[in-house]
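Asker:
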Amino acid sequence: MPILPSNSDFMQLALIEGRRALPACRPNPPVGCVMVRDHQVISQGHTQPPGQPHAEAMALAKLPEGGRGVTAYVTLEPCSFQGRTPSCALALIDKGVERVFVGMLDPDPRNAGAGVRLLRQAGVEVIVGLLAEEVSRDLRTYLLAEA
Ligand SMILES: [Zn+2]
């Protein structure tokens, strides 16, 4: 039996993907997202320059089929609000993604748990805090700058 990658392994990949967003994403945080089905990464995304897709939207756009059986690993809580781009939480729901691992909650007062609530209300399973320490180390300065 091959050893299957763990949830932490996939969040680690999301972290690495997020770092690819720098420096073009600034002043937005360099968020990374990977989509997994049957223990395999099927798409990934990172924060695009301001006004262009967020990490989740970029990964969703590359999903070959819908979100059935898909788990998303995203370093920062998906946005609940429509800013310069549509809400990522709603986009994940629309696509039918079944489970979302979140590295850390978004301290932006427009979000701050609202993204997670939206997902849960729609029946998506959400697990918050996976690799929180590593994620926070990567995102901290950008999140403070945004506030
Ligand atoms: Zn977003």
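Residue numbers for the sequence shown follow the UniProt record's numbering, beginning at 1 and rising by one.
Heads up, the beta-carbon is just placed ideally off N, CA and C, and yes, glycines get one too.
The structure displayed is predicted, hence computed values, not measured ones.
Expressed to the nearest angstrom, what Euclidean distance is found between the alpha-carbon atoms of R99 and D138?
Answerer: Cα to Cα, the separation comes out at about 23 Å.
Asker: Exposed or buried, what is T141 when buried is set at 16 or more other beta-carbons lying within 10 Å of its beta-carbon?
Answerer: Looking at its Cβ environment, which holds fewer than 16 other Cβ atoms inside 10 Å, T141 is exposed.
Asker: Is A132 helix, strand or coil by DSSP?
Answerer: Three-state DSSP puts A132 in a helix.
Asker: Express the C-alpha separation of I3 and V74 in angstroms, rounding to a whole number.
Answerer: The straight-line gap from Cα to Cα measures roughly 23 Å.
Asker: What residues sit near ligand 1, counting only those whose C-beta is closer than 5 Å to one of its heavy atoms, in chain order?
Answerer: Taking each Cβ in turn, the ones that pass are H54, C79 and C88.
Asker: May I have a chain-ordered list of the alpha helix (DSSP H) segments no shorter than 4 residues that lie completely inside the UniProt domain "CMP/dCMP-type deaminase" (5-118)?
Answerer: List check, alpha helix (DSSP H) in window: 7-19, 55-61 and 88-95.
Asker: Which residues does DSSP pair with V124 in a beta bridge?
Answerer: V124 is not bridged to any residue.
Asker: For E17, count the other beta carbons within 10 Å of its own beta carbon; 16 or more makes it buried, fewer makes it exposed. Which is it?
Answerer: Label assigned to E17: buried.
Asker: If you count every other CB in all the chains shown that lies within 10 Å of the CB of S8, and 16 or more means buried, which is it?
Answerer: Exposed.
Asker: Measure the CB-CB distance between L92 and Q12 and report whether it falls below 9 Å.
Answerer: No, Cβ-Cβ distance for L92 and Q12 is not below 9 Å.
Asker: If contact is defined by three or more beta carbon pairs under 8 Å, each pair taking one atom from either stretch, is the segment 19-30 in contact with the segment 116-133?
Answerer: Cβ pair count under 8 Å is below three, so no.
Asker: From G51, L119, E56 and L76, pick the residue whose C-alpha is nearest to that of G45; which is it?
Answerer: Nearest option by C-alpha distance: E56.
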